[in-house]
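Residue numbers (mature numbering (1 follows the signal peptide of the UniProt record, and there is no 0)): -20 to -1, 1 to 303. Glycine is no exception: its CB is placed at the ideal position from the N, C-alpha and C atoms. Here the structure is a predicted model, which means the values were calculated and not measured. So the structure is just underneath, and the comments pick up after that.
Quick look at the structure:
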């Protein structure tokens, strides 16, 4: 793995239900969080300028967000929530990218149980590695010679988070994979999943996940009405063979990382947030970037994250870590 620069700057199968919902207006949003602003100021600074472009990754239309300058960029693949179009993650992805990542956000369309929609799959990880190597080697392009092709990290939301967990565990797990699937890429180094659990309605418990030593953070809103906080706690406890963290954001719900609440086409969360959307997006993205940078070997990020400074400065966040 190349040296990282200093840090600059389930909903499970049952949640496939497609229900249109209008975005929440700005006037309906909670007030901005001064705690989030203070935490952002205290954190290691991010790079300012982020660019983006449209491309195709593994056959899927995708938007790539990246720092306007700099090299050795790890690739972060964002696996979307069920029927949450990639454009809804723009603000979140830009903040993550500003911390030194090439963030790939595809739209993966397929049919599950006879219902067409946006449902990510485990195979996207391996396909993204192939794309990254080709993109880095292309003669002229926004990321030519700038990608750390040996470092892939996963970000997942809801259904995409569960697909990500099964990517870590392997092998192919229907409906989060299309048989025969593809092997987990050796380049996969760490993961952060939002609003994600492995709740099993049949047993009332959760399914254990063997992460094969790959560090995982679960980011959970305490107002999430679709992926419940108790289910995240159980899933966190059931992660086997690797470091794990559980980051709980006070006032956030299931869609506190998307541009607006309840994106059209996705199953709505009827539990309203109490944390302003802009503050929630910033908090979610900052903790994602800090965790991933720390697990990739960034000493500044690790010191900030594991010393207790991060949650000390961020009153809206509580954190659990285990090795």
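Query - Cutoff 6 Å; reference residue 67; Cβ partners in own chain excluding five residues on either side - result: none
Query raised in the report: Counting only runs that start and end within the region 89 to 155, where is the beta strand (DSSP E) found for 3 or more residues in a row?
Result: 89 to 92, 95 to 98 and 127 to 137
Report task. Go ahead and label residue 93 buried or exposed: buried means 16 or more other beta carbons lie within 10 angstroms of its beta carbon, across all protein chains shown. Result -> exposed
Query raised in the report: Which one or two residues does DSSP pair with residue 255 in a beta bridge?
Result: Answer by DSSP bridge pairing: none, since residue 255 is not bridged.
Query - Helix, strand or coil at residue 302 according to DSSP, with G and I counted as helix - result: strand
**Report entry** the region 201 to 208 in contact with the region 236 to 256 per 3-pair CB rule at 8 Å
**Finding:** yes
**Report entry** Entirely enclosed alpha helix (DSSP H) segments - the region 245 to 295, minimum 4 residues
**Finding:** 257 to 275, 279 to 286 and 289 to 293
Requested in this report: Could you spell out where the beta strand (DSSP E) holding residue 31 opens and where it closes?
Outcome: 30 to 37
Query raised in the report: Got a sec? Which residues, its chain only, sit under 7 Å from residue 6 by beta carbon, not counting five neighbours each side?
Result: Model confidence at residue 6 stands at a pLDDT of 36, short of 50, so the residue's coordinates are unreliable; what they give is reported in the following sentence. Excluding sequence neighbours, residue 6 sits near nothing in its chain.
Query raised in the report: Can you tell me the Cα-Cα spacing of residue 288 and residue 301, whole angstroms?
Result: 10 Å
Query raised in the report: Which word fits residue 81, buried or exposed, when buried means at least 16 other C-beta atoms lie within 10 angstroms of its C-beta?
Result: buried
**Report entry** Beta-carbon contacts of residue 285 that lie in its chain and below 6 Å, excluding the five residues immediately before and after
**Finding:** 270 and 274
Requested in this report: Leaving out five residues on either side along the sequence, give the residues of the same chain with a beta carbon under 8 Å from the beta carbon of residue 291.
Outcome: 297, 298 and 299
**Report entry** Bridge partners - residue 226, DSSP secondary structure assignment
**Finding:** 198 and 300
Query - Other residues of its chain near residue 226: CB distance less than 6 Å, five sequence neighbours each side excluded - result: 198, 216 and 300
Query - Inter-residue spacing [alpha-carbon to alpha-carbon] between residue 246 and residue 65 - result: 9 Å
Report task. Determine contact between the region 45 to 54 and the region 126 to 134, defined as no fewer than three beta-carbon pairs at a distance below 8 Å. Result -> yes
Query - Burial state of residue 108, where buried means 16 or more other Cβ atoms lie within 10 Å - result: buried
Requested in this report: Identify, in the order they occur along the chain, each residue of the same chain with its Cβ nearer than 7 Å to the Cβ of residue 35, setting aside the five sequence neighbours on each side.
Outcome: 42 and 44
**Report entry** Closest residue to residue 229 among 267, 187, 223 and 242 (Cα-Cα distance)
**Finding:** 267
Query - Alpha carbon of residue 113 to alpha carbon of residue 91, nearest angstrom - result: 29 Å
Query raised in the report: Anyone know if the C-beta pair for residue 146 and residue 189 falls short of 9 Å?
Result: yes
Requested in this report: Could you please give the first and the last residue of the uninterrupted alpha helix (DSSP H) stretch that includes residue 76?
Outcome: 70 to 78
Query - Opening and closing residue of the alpha helix (DSSP H) in which residue 216 lies - result: 209 to 217
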